[in-house]
Structures are given as structure tokens and as C-alpha cells.
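Going by this note's numbering, the letters in the sequence shown line up with residues -12 to 230, in that order. Think of the CB as a built atom: it goes at the ideal place given N, C-alpha and C, for glycine as much as any other residue. Nothing here was measured: the structure is a model prediction, and the numbers come from that model.
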Amino acid sequence: MTRSSITLALLSLLLAPAAALAQSAPRPLSLTASAGLTVTGGNTSTSTVNVAYEALFDPKTRNVVKSDGLFLRGETEGVVSANRLNLNARDQYALNARAFVYGQTQYLQDEFKNIDFLVAPTGGLGYKLVDNARTKLAADAGVGAVWERNLGTSTRSSGAVTVAEKLSHSLTRTAFLTHSFAALWKTQEWSDALYTVGAGIAVSISTRTQLKVEVLDTYKNRPPSAAVKKNDVALLTAIVYKM
């Protein structure tokens, strides 16, 4: 199976539920899409494009379904310098007003980390540490499995342990702060870990649009080879549209 076919299959798997729900209106489905483009010229010619989405199905019962994705691609002097795809899907069930259980699948494809694909289905427990009109902060931990294939190698599997944290805070009526942290450890080799940290601020332009600036840091403790750097930092600027 090629990388392109795996990517298309996962996209279909993650987006099919959202498409079906959207067609059966009226449904409590919210969609957010964003896109950004940066172009520089002069001594150095660079261009970077980022496209992202978030989908949330919340029927105001105990069950919530979420999905999000990010595609990032950059070129410097006509040579590709960044090419990354992240996809996530989660089914979350509330045990009470604060605690919840969840099942999720994470997918990562990153050419410059030599990750042909990384798929990690996991499940676990979470807790809403703060949950009010201005601030929402939740943390969770889970276990599962992970499959990873690096460019030029065969697929390797392992057990997986994950932890995550997500914060959203309203600074004013039109400005919002976000922060997220996620870690994935392989049980067969604990030092082979993947960490993702994001921090951003969004300012409303209209009732449906925002301007968002976000810093995304991806750190893989054991890259496939010595030629691959452990850390990648991306500065994303995008226009967000809420549907």
C-alpha cells in the first residue's frame, strides 16, 4: 500500500462521519476551516501554506465526536522544505460533569522527519480541570498501540502511552488564547517519544471569521537517523472561518 493510498483512506475514514452528519440536518455539528499563505522574496524566495479544519458533533448528550487536521507545506528557493499532515479523530463520553472516557486515532505523516506514516489508536480517561464560560482546561491519559514506518524501512509496531492537555481562554470578547500539549511514548522503547506543543492567539474579525497566529513545536526524541533533527518549529498565520 502506498503512502498516498494510506493518506486518502485515513482522510475518508476521519471525514466520512462528519459528512454524513452534515447531510442529516438539522444536527448539532460545527465546522471550522482555516488557511494561510506566506510568501517572501528578495535575497531568499520562500512560500508556506497551511490548511486546517476542526469538526465537532455535540448533540448535548454524554457523547461528543471530534476531528481535526493540519496540512503544512513550505518551499525555499523552489525546494520543498516542509511537508506535514496531521489528522486526529476522537469519540468522547462523559461519565459526569467533569470526567470522561475516550477513544481516538492519531495520524502523522512528515517527510522531513522521515515519517512515512505513524498511526496510534488509543483510549483512556480525562478530566475537565476548569470548565466555565471564559476558560476550558482538560487533561487526559490513555493507552493503546502505535504503528510507524520511516522512509526506506519496514513498519514497526508497539504499545503506546499518551498524555494530553488542552486549554482555551477568552482574553476579551474578541481575543482568545489557546494552548495544547500531547505526548506519545512507545512501550517497547520509552525513549522513542513524540511531543507536540502548540500556543496561539485568535482575534475576531467578524462573527464568523478570525485571524489566528499559532506556534507549533514538534519534537521526536529518537529520529530515524542522525541526519534528521529532533525539533521542528512552525509559525502559522491563518484566516479562520466558522461554519
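query                                                                                                                                                   : result
Look up E64 in the DSSP assignment and give the residues it is bridged to.                                                                              : Answer by DSSP bridge pairing: none, since E64 is not bridged.
With a cut-off of 8 Å on the beta carbons, I'd call R85 and K53 a contact; round off their distance for me.                                             : Contact doesn't hold; Cβ gap of about 18 Å is too wide.
Exposed or buried, which one is D118 when buried takes at least 16 other CB atoms within 10 Å?                                                          : exposed
For Q197, report the span of its beta strand (DSSP E) as first-last.                                                                                    : 196 to 207
On the premise that K123 lies in contact with S155, defined as a C-beta separation below 8 Å, what is that separation, rounded to the nearest angstrom? : 5 Å
Counting pairs of beta carbons, one from the stretch 152 to 168 and one from the stretch 129 to 142, are three or more of them closer than 8 Å?         : no
For V215 and K100, I'd like the C-alpha separation in whole angstroms.                                                                                  : 6 Å
Counting only the same chain and skipping the five closest in sequence on each side, list residues whose C-beta sits under 8 Å from that of V88.        : Q79, Y80, L82, G110, G111, L112, G113
Can you give me the C-alpha to C-alpha distance between W276 and Q91, rounded to a whole angstrom?                                                      : Coverage of the chain is limited to positions -12 through 230, which leaves residue 276 absent and any answer about it impossible.
Cutting at 6 Å between CB atoms, please list the residues of its own chain near V220, excluding the five before and the five after it.                  : D204
Three-state secondary structure (DSSP) at T47?                                                                                                          : It is Lys, not Thr, that sits at residue 47 in the sequence shown. K47: coil per DSSP, three-state reduction.
Are there 16 or more other CB atoms within 10 angstroms of the CB of L21, so buried, or fewer, so exposed?                                              : First, the amino acid is wrong: residue 21 is Ser here, not Leu. S21 is buried by the Cβ-count criterion.
Quick one, which of L171, E201, A69 has its alpha-carbon nearest G129's?                                                                                : L171
Let me check understanding here. Comparing Cα to Cα, which of V150, V200, N218, T183 lies closest to S191?                                              : V200
I'd like the span of the beta strand (DSSP E) that includes N137, first residue to last.                                                                : 122 to 137
Buried or exposed: where does V227 fall if 16 or more other Cβ atoms within 10 Å of its Cβ makes it buried?                                             : buried
DSSP three-state label for T224, please.                                                                                                                : strand
What's the call for G187, buried or exposed, on a 16-neighbour Cβ count within 10 Å?                                                                    : buried
What is the C-beta distance between A147 and K173, in whole angstroms, given that I count them as a contact (C-beta under 8 Å)?                         : 6 Å
Use the C-beta contact count for Q175: other C-beta atoms within 10 angstroms, 16 or more gives buried, fewer gives exposed.                            : exposed
CA-CA distance, A189 and P211?                                                                                                                          : 35 Å
Given V51, which residues of its chain have a CB within under 6 Å of its CB, disregarding the five upstream and five downstream residues?               : D45, Q79
How long is the line joining the alpha carbons of Q10 and G56, rounded to whole angstroms?                                                              : For Q10, the predicted structure reports a pLDDT of 47, less than 50, and the residue's modelled location is therefore unreliable. A value from the coordinates is still provided. Cα to Cα, Q10 sits roughly 21 Å from G56.
Whose CA, out of L72, A125, S68, I102, lies closest to the CA of T165?                                                                                  : A125
Assuming V231 and R60 make a contact with CB atoms under 8 Å, what is their CB distance in whole Å?                                                     : Absent from the model: residue 231. The displayed extent of the chain is -12 to 230, so no value can be given.
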